[in-house]
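See below for the structure under consideration.
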Amino acid sequence: MHPPRMSAPSCIVPPIEQVVIRPHIVPLLPTFHGMESENPYAHIKEFEDVCNTFREGGASIDLMRLKLFPFALKDKAKIWLNSLRPRSIRSWTDLQAEFLKKFFPTHRTNSLKRQISNFSAKENEKFYECWERYMEAINACPHHGFDTWLLVSYFYDGMSSSMKQLLETMCGGDFMSKNPEEAMDFLSYVAEVSRGWDEPHRGEVGKMKSQPNALHAKFGYTP
Numbered sequence: 001m002h003p004p005r006m007s008a009p010s011c012i013v014p015p016i017e018q019v020v021i022r023p024h025i026v027p028l029l030p031t032f033h034g035m036e037s038e039n040p041y042a043h044i045k046e047f048e049d050v051c052n053t054f055r056e057g058g059a060s061i062d063l064m065r066l067k068l069f070p071f072a073l074k075d076k077a078k079i080w081l082n083s084l085r086p087r088s089i090r091s092w093t094d095l096q097a098e099f100l101k102k103f104f105p106t107h108r109t110n111s112l113k114r115q116i117s118n119f120s121a122k123e124n125e126k127f128y129e130c131w132e133r134y135m136e137a138i139n140a141c142p143h144h145g146f147d148t149w150l151l152v153s154y155f156y157d158g159m160s161s162s163m164k165q166l167l168e169t170m171c172g173g174d175f176m177s178k179n180p181e182e183a184m185d186f187l188s189y190v191a192e193v194s195r196g197w198d199e200p201h202r203g204e205v206g207k208m209k210s211q212p213n214a215l216h217a218k219f220g221y222t223p
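The letter at position 7 of the sequence shown is residue 7 when you use full-length UniProt numbering, and the numbering goes up by one with no holes.
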């Protein structure tokens, strides 16, 4: 005789409002396995984006997310969810907080914040490559907490001398006078227009001093 199968109580308190989950929805959800290489913040963003396309009738979007999220977890992540204290999750906010606390712990946050604050250009790296790598570091840790002026400062301090020369040439030497938001926009702009260029040699930089306004007009940038 086999012992009776017992189901462990769910960590999620059943909501009063009823939500019908259509069968075709579950296979379309992004999955998270709990691996170190996965980014929990990116998973939640993708999950919420997908859920937004499924919203039907008057159902609460957060209630739908709460109902669907267990289906988006696999392997270690699913084991973690099933190990939570029964009836300890009452809302999508609760579940999201527990998920991030588990899979994006403090030491991981601190490591990624150091990648941002200690950022530096690689040897022979082009401006746009450097900027894209910096933005990847920022996007990998969306809860970094750094003010915009700090993000600008970290990148500027980490640039090579040729990158700084290019930047100052492109903005007519007034980069440091820009406010933080303008500075971030201008860095993005320079990265875009310099894509495909070689980092300028000294002789080329001199030629560019008469070109910034023409480039601004070409790419629709207003200083």
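For every residue, glycine included, the Cβ atom is placed at its ideal position computed from N, Cα and C. For clarity, every value in this text was computed on a predicted model and none was experimentally measured.
Cα-Cα separation, residue i to residue j
i      : j      : result
PHE54  : TYR41  : 20 Å
LYS101 : ASP147 : 23 Å
VAL190 : CYS141 : 24 Å
SER60  : PRO9   : 24 Å
ALA97  : THR106 : 13 Å
ASN82  : CYS11  : 7 Å
PHE103 : PRO23  : 28 Å
MET64  : PHE99  : 17 Å
LEU187 : ARG108 : 27 Å
ASN124 : LEU29  : 41 Å
Backbone secondary structure at residue i - three-state DSSP
i      : result
PHE32  : strand
LEU73  : strand
TYR138 : At residue 138 the sequence reads Ile, which differs from the Tyr that was named. Correct three-state label for ILE138: helix.
ILE61  : helix
ILE89  : strand
ILE79  : helix
ILE12  : strand
GLY220 : Since pLDDT at GLY220 reaches only 45, below the 50 mark, its modelled position is unreliable, and no value is offered.
ARG108 : helix
Neighbour-count burial assignment, residue i, 16 or more Cβ in a 10 Å radius
i      : result
PHE155 : buried
VAL20  : exposed
THR93  : exposed
HIS43  : buried
Close-in-space but distant-in-sequence residues of the same chain around residue i (CB under 6 Å, 5 per side omitted)
i      : result
SER117 : TYR154
SER194 : PHE127, TYR128
Nonlocal neighbours in the same chain, by C-beta distance under 8 Å from residue i, ignoring five residues either side
i     : result
PRO70 : ILE12, LYS78, LEU81
Sequence-distant residues of the same chain with beta carbon closer than 7 Å to residue i, five excluded per side
i      : result
LYS113 : CYS141, HIS144
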